[in-house]
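Please read the structure below before turning to the comments.
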Amino acid sequence: MDTFSRLHEGLRQVLAHRIGWSELRAVQEKAYEAVSGGNDVLVIAPTAGGKTEAALIPVVDGILKGGFSGVAALYLAPLKALINDQEDRFSSFCLPTGLEVLKWHGDVPKGDRAWKDNEPPHILMITPESLEVLLMERELSLGLAHLRYLIIDELHAFVESERGVQMRVLIDRLDRISGRKIQRIGLSATVGNPEEILSWLSGSRHGEVLVRIPAPPQPKRFTFVVEEKESARASALARIVRGKKALVFVNSRSDAEAVNTALAGRVDQLLVHHSSLSPEMRRETERAFSEYESSCIICTSTLELGIDIGNLDVVVCIGPPPSVSSFLQRMGRSGRRGKPPYVACILKDACELLCMVAVIESASRKEVEPLHPPKKPYNVLVQQVLLEIVRKRRTSQSHIRRFVRGLFAFREIKPREIDALLGVLDDFGILVGDGDMLMPGPGAESSFGRSNWKDLFSVIKGGSEFRAVTPDGEMIGTLDARFVAGKNRKSFTLGGKSWTFVKSDDSHELVVVVPGEGEKNEIFWTGGRTGFSPLVCQAVGRILSTGGSMLPLPEPERALISGVIDALPELIPRGICILEKPGKRNYDVTILTFRGRMFNGILASLIRSESDRRLTVSYHDFSVTIKNAGKVGVSSTIYDLLMRLQARRTDSGAKGLRTPGTETWKFASALSPEILREMAFADYYRYPEFLQDFGTVEIFLTDPGGSVPAV
């Protein structure tokens, strides 16, 4: 019997008569077999490949056949906008069969965040932070006691972050509430190590099935524009998107506003979409984009995730994306509904072209970045300990130990380390003890107790941005605190519109603004680009060392990349190469690693600490540079230094690594310097992985004299 005919009659009728299906896609067939067999499942399929339906069909079928009451399925998403976007799709599947769907997040009016007529819906759509709030409400959380299925959308967006740790804790807690092993169904388009991530999601509780459907072969169209002048790049962009449906991806919010300003008046229906715009403005952008025959959105990664923005003519990348995963998400926005994907790349020089080609080449090899969950997430551990104690008002130390040790996300944290953390929380007044009992202390109440412990529900650290509102109270977005504090900043551009400061309220992190008079000044945000992934960096090194790209590039682009290759001496694939060249006073040394900014930052720190004299060391994505390192032949000295570091292979040489500031983590004020450093080494620097990589890589000393391009 085929899968379609095995579905519950009500679901089959919906699929046949409302959606027009008479059979399922391969990904949906395989997901149905895996889920109906009682397994935890990870579905890997291209963007628009039917992943959502692959999860929904077996879940809705199971609920209908089982006649389950209460919340039987929970849909967990990283973005409120993604929940809003998926609401209609879920409703079209569920409502005709008599199943109720409810969305629940911070933008939903508070009065609607409750069970209607005290009857929980069959399917609840929610973010991790809102689920944390819901679990604090005893009566409401009882509605989750019959939970059977958990769908986690865009799983890759969670895995490596502290939100992912919180999400992983929450799904374990849901098992405890329901008293059963809730089936977990993860959805993603891009994961480099899917088997590992499936094991992380499931926790080896029962069967695990990976459903992986590769993208079908199809032609893809790429165009490249390499222009040094910003004005020329803007003109090229205008020509590409004019009269078309286009998404233009940039790598920062500041770039989004700058590109929008450069295109103003040259492209009809020009829109902006990034995380500092208010939810209302982002929704308005999405609505306007869908209404017009031709329109263009300048956006950041906010539109990489699964929000459906309809059919596209072209995706444009302004500069190379930071990762292959990001590129695949962007390219997946085009090529829907029978059209081949079309990606235009606008780049400023040969080195940007080289990086863009490295990204595309890696994608063509089906190489995607592996994901690594945090191992020592003490910051989230503090949050969860405090939430558990606040939830129970007071509880025993032994209960907290059992609570923590039963959570998969904290499996790398030893019992003695849990005890040490509780001791620090007691010393800092975060907790107070009464014999074996623990209660929130004055430190917890002063730091996190505002608005009924609202600060505990999220691990996302705020406080560095001001809300920008009109005199009528309409929020337009957020501004960087340093930008607000800057001198002579009276006007700025946000969301493609000009605004003028009226006044600011530092105590409430609020800025009142009014529409400007057409003057558009720069705007910036702290942070921004974090560099290319190690996978992209290694792909760049592979192209340089093998003498060119495997892609069928046009002759002008091939010649530009050849120029970069010709400027280098012969490189060794996957090795570390040391080059020496004359500097202003002495000789400079460049260490080409092609391993990413974090690897190079650690290596630079080790070089400084190991050297017997003060060195001027800098680093970037592909290399470490030592200025004025010494006289001719000094590269041999650096080679010997690296060999000593490589032979050591312990963390004793890492004393020079600075622990990031406490502003890096939301709950850092509750952690001792020793615990902060341990967390930083494990998850910020990923130092054990650095040692493993550096300890096995070959190091080569290249003949002096080769010039080094600024890659």
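Be aware that the sequence shown starts at 247, since it is given in the numbering used here, and climbs by one per residue.
Virtual Cβ for every residue (Gly too), placed ideally from N, Cα, C.
None of the values given here were measured: they were computed from a predicted structure.
| field | Extent of the continuous beta strand (DSSP E) to which Arg-639 belongs | value | Run containing Arg-639: none; DSSP gives neither H nor E here.
| request: Using only alpha-carbon positions, find the residue among Ala-360, Val-760 and Asp-672 that is nearest to Ala-714. | output: Checked all of Ala-360, Val-760 and Asp-672; the closest Cα to Ala-714 is Val-760.
| Gly-742 vs Val-496 beta-carbon contact at 8 Å | Going by C-beta atoms, Gly-742 is not nearer than 8 Å to Val-496.
| request: Tell me where the beta strand (DSSP E) around Gln-429 begins and ends. | output: Taken as a continuous stretch (DSSP letters only), the beta strand (DSSP E) holding Gln-429 covers 429-434.
| Residue from Ile-431, Gly-432, Gly-256 and Glu-474 with nearest C-alpha to Leu-806 | Closest by alpha carbon: Glu-474.
| message | Let me check understanding here. Comparing Cα to Cα, which of Leu-593, Ile-664, Lys-612 and Cys-601 lies closest to Leu-627? | response | Ranked by how close their Cα comes to the Cα of Leu-627, the residues Leu-593, Ile-664, Lys-612 and Cys-601 have Ile-664 in first place.
| task | Could you work out which residue in Lys-638, Gln-629, Ser-918 and Leu-781 is closest to Phe-674 when comparing CA atoms only? | result | Relative to the Cα of Phe-674, the nearest Cα in the group Lys-638, Gln-629, Ser-918 and Leu-781 belongs to Ser-918.
| query | Since Asp-334 is in the alpha helix (DSSP H), which residue starts that stretch and which ends it? | reply | It spans 326-340 - the alpha helix (DSSP H) in which Asp-334 sits, taken as one unbroken run.
| field | C-alpha distance - Val-730 paired with Ser-547, whole-angstrom precision | value | The alpha-carbon atoms of Val-730 and Ser-547 are separated by roughly 24 Å.
| request: Kindly indicate which residue of Lys-707, Trp-911, Leu-509 and Ala-291 has the alpha-carbon position closest to the one of Glu-275. | output: Selection Lys-707, Trp-911, Leu-509 and Ala-291 evaluated against Glu-275 yields Ala-291 as nearest (Cα-Cα).
| Contiguous alpha helix (DSSP H) assignments of at least 4 residues, all confined to the stretch 802-881 | Unbroken alpha helix (DSSP H) runs of no fewer than 4 residues, entirely contained in the stretch 802-881, are found at 843-856, following chain order.
| query | Quick one: what does DSSP say Leu-887 is sitting in, helix, strand or coil? | reply | Collapsing the DSSP output to three states places Leu-887 in a helix.
| query | In the DSSP assignment, what are the bridge partners of Ala-319? | reply | Looking at the DSSP output, Ala-319 sits in a beta bridge with Ile-369 and Tyr-395.
| Host alpha helix (DSSP H) of Ile-553 (start-end) | Note, Ile-553: premise wrong, no alpha helix (DSSP H); not H, not E.
| field | Nearest to His-520 (by Cα), restricted to the options Leu-257, Val-513 and Ile-543 | value | If we check each option's Cα against that of His-520, Ile-543 comes out closest.
| query | Exposed or buried, which one is Ala-504 when buried takes at least 16 other CB atoms within 10 Å? | reply | So Ala-504 counts as buried.
| So, is Asp-514 buried or exposed, given that buried needs 16 or more other C-beta atoms within 10 angstroms? | By the 16-neighbour rule on beta-carbons within 10 angstroms, Asp-514 is exposed.
| query | In chain order, which continuous runs of the alpha helix (DSSP H) of length 4 or greater are located wholly inside the stretch 622-694? | reply | Correct list: 624-638, 643-651, 661-673 and 688-694.
| said: Bridge partners for Arg-467 per DSSP, in chain order? | reply: Its beta-bridge partners are Tyr-588.
| said: For the beta strand (DSSP E) containing His-263, name the first residue and the last one. | reply: Segment: none, His-263 is in no beta strand (DSSP E) and carries neither H nor E.
| DSSP three-state call for Pro-717: helix, strand or coil? | The answer is coil: DSSP assigns Pro-717 none of H, G, I, E or B.
| query | Considering only the beta carbon of each residue, do Ser-536 and Val-561 sit closer than 8 Å? | reply | Their beta carbons are not under 8 Å apart, which means Ser-536 does not touch Val-561 by this criterion.
| request: Output the boundary residues of the alpha helix (DSSP H) element that contains Ile-486. | output: Here the alpha helix (DSSP H) through Ile-486 covers 476-487.
| query | For His-351, which of helix, strand or coil comes out of DSSP? | reply | Assigned with DSSP and collapsed to three states, His-351 falls in coil, not helix or strand.
| When DSSP labels each residue in this structure, what does Ser-500 get in the three-state scheme? | The three-state reading of DSSP puts Ser-500 in helix, counting H, G and I together.
| message | Suppose the cutoff is 8 Å on Cβ atoms and the five residues either side in sequence are ignored; what does the same chain contact list for Met-721 look like? | response | Closer than 8 Å at Cβ, skipping near neighbours: Ser-524, Glu-526, Arg-713, Ala-714 and Val-715.
| said: Going by the DSSP bridge assignment, what does Pro-761 pair with across the sheet? | reply: DSSP lists Trp-745 as the beta-bridge partner residues of Pro-761.
| field | First through last residue of the alpha helix (DSSP H) which encompasses Val-786 | value | Counting along the chain, the unbroken alpha helix (DSSP H) around Val-786 starts and ends at 780-792.
| message | Buried or exposed, going by whether 16 or more other CB atoms sit within 10 Å of the CB of Glu-711? | response | With 16 or more other Cβ atoms within 10 Å, it is buried.
| field | For Lys-427, the nearest candidate out of His-402, Glu-408, Gly-453 and Gly-723 (CA to CA) | value | Per the Cα distances, Gly-453.
| Is the Cβ-Cβ distance between Pro-819 and Arg-854 less than 8 Å? | Cβ distance not < 8 Å, so Pro-819 and Arg-854 don't count as in contact.
| field | Proximal residues to Val-260 (C-beta, below 8 Å), its chain only, five neighbours per side dropped | value | The answer, listed in chain order, is Ser-338, Phe-339, Pro-342 and Thr-343.
| query | Does Ser-791 have its Cβ less than 8 Å from a Cβ in chain D? | reply | In summary, chain D is missing from the structure at hand, where a single protein chain is found.
| task | Please work out which residues of its chain come closer than 8 Å, Cβ to Cβ, to Ser-864, disregarding the five sequence neighbours upstream and downstream, and give them in chain order. | result | So the qualifying residues of the chain are Ala-850, Val-870, Thr-871 and Lys-873.
| query | Apart from the five residues just before and just after Gly-432, which ones in its own chain have a Cβ nearer than 6 Å to its Cβ? | reply | When the five nearest sequence neighbours on each side are left out, the beta carbons in the same chain lying within less than 6 Å of the beta carbon of Gly-432 are those of Leu-288, Ile-398, Leu-401 and Leu-447, in order along the chain.
| query | Helix or strand or just coil, what does DSSP make of Ile-921? | reply | In the three-state reduction of the DSSP assignment, Ile-921 falls in the helix class.
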